[in-house]
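Right, one structure below, let's go through it.
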Amino acid sequence: MLELAAVFAALTAASLVRITAGFGYSLVSVPLMALLIDPVTAVVIAAVTAVPLNLWVAVRDRAHAHRKLSPLLLVSAVAGVPFGLWVINVVDERTLLIVIAAVIVVSTVLIWFRARIPGGTPAVAGMSVLSGASFSATAIDGPLLVAGLQGSKYGDLSPRTQRATLSVTFSATSVATMIGFGLTGQLTAQVGMAVLVGVPAMVLGTVAGERVFRRMDAEWFRRAVLALMVVSSVSIMTRVVTA
19 MLELAAVFAA LTAASLVRIT AGFGYSLVSV PLMALLIDPV TAVVIAAVTA
69 VPLNLWVAVR DRAHAHRKLS PLLLVSAVAG VPFGLWVINV VDERTLLIVI
119 AAVIVVSTVL IWFRARIPGG TPAVAGMSVL SGASFSATAI DGPLLVAGLQ
169 GSKYGDLSPR TQRATLSVTF SATSVATMIG FGLTGQLTAQ VGMAVLVGVP
219 AMVLGTVAGE RVFRRMDAEW FRRAVLALMV VSSVSIMTRV VTA
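In terms of our numbering, the sequence shown has 66 at position 48, counting the first letter as 1, and numbering is strictly consecutive.
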């Protein structure tokens, strides 16, 4: 029961953040769930429950997605999924925790210092490939892609356009990853129970997140992203040290 309560709390908070910031569902849920359950199961739960949320946001906000950028990011991210599936099936739990921590910390640094990503659109596509691989290995795809966008010529996209564009990409990678988990035997009974618990949690978080999002401006948006990433960096590093 404690594990299911933790899953409910983690997914509620993660859904609120996902709707508000445009990403961050797994960034919040994976570190929190990994405190009580093994990291592989936490990754699979986050990835599977992200599917309906990503699809819903992508369909609802499709009119706001960047017309040229969205297809490029989608194809690039899906191309990275098979590599991430290989990683999660061959590394041990501690190594996976270290990979998760590295993804979060590196992305936090990139966004904090507004790092410029050289290479223009091809470089953003490359970050999208890494994002797809990261999602299928750690269920965390947002930070790398957000860092790529905010450090490129697309950094001035409005919060709504950024959220819609990211949602198109995330919906594709989450579906591809779920199929991969099914083929590799990761969809266990424990994951199924967590998904059932996660449905009302996501509804609650989504409703709250929409109310917060309507009150956001661009600078508030960036600060929320940074605060989220710093908290997640600290939590996952603590988990690595104590594992």
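Beta carbons are placed, not taken as given, at the ideal position from N, Cα and C, and that holds for glycine.
Item                                                                                                                                                           : Value
Go through its chain and collect everything with a Cβ distance to L54's Cβ below 8 Å, but skip five positions before and after it.                             : L20, E21, A24
Taking the continuous alpha helix (DSSP H) assigned at A76, which residues delimit it?                                                                         : 57-78
How about L184 and G203: are their beta carbons less than 8 Å apart?                                                                                           : no
Between R112, M145, M220, which has its C-alpha nearest V99's C-alpha?                                                                                         : M145
Which of the three DSSP states, helix, strand or coil, is assigned to G42?                                                                                     : coil
Is L175 helix, strand or coil when you go by DSSP?                                                                                                             : coil
Could you say which of A207, S251, D56, T191 lies nearest to P70 if we only look at CA atoms?                                                                  : T191
Helix, strand or coil for V109? Go by DSSP, reduced to three states.                                                                                           : coil
Can you find the residues in the same chain that come closer than 7 Å, C-beta to C-beta, to A76, ignoring five residues on each side of it along the sequence? : S185, V186, S189
Using the Cα positions of W104 and V213, report the straight-line distance between them to the nearest angstrom.                                               : 23 Å
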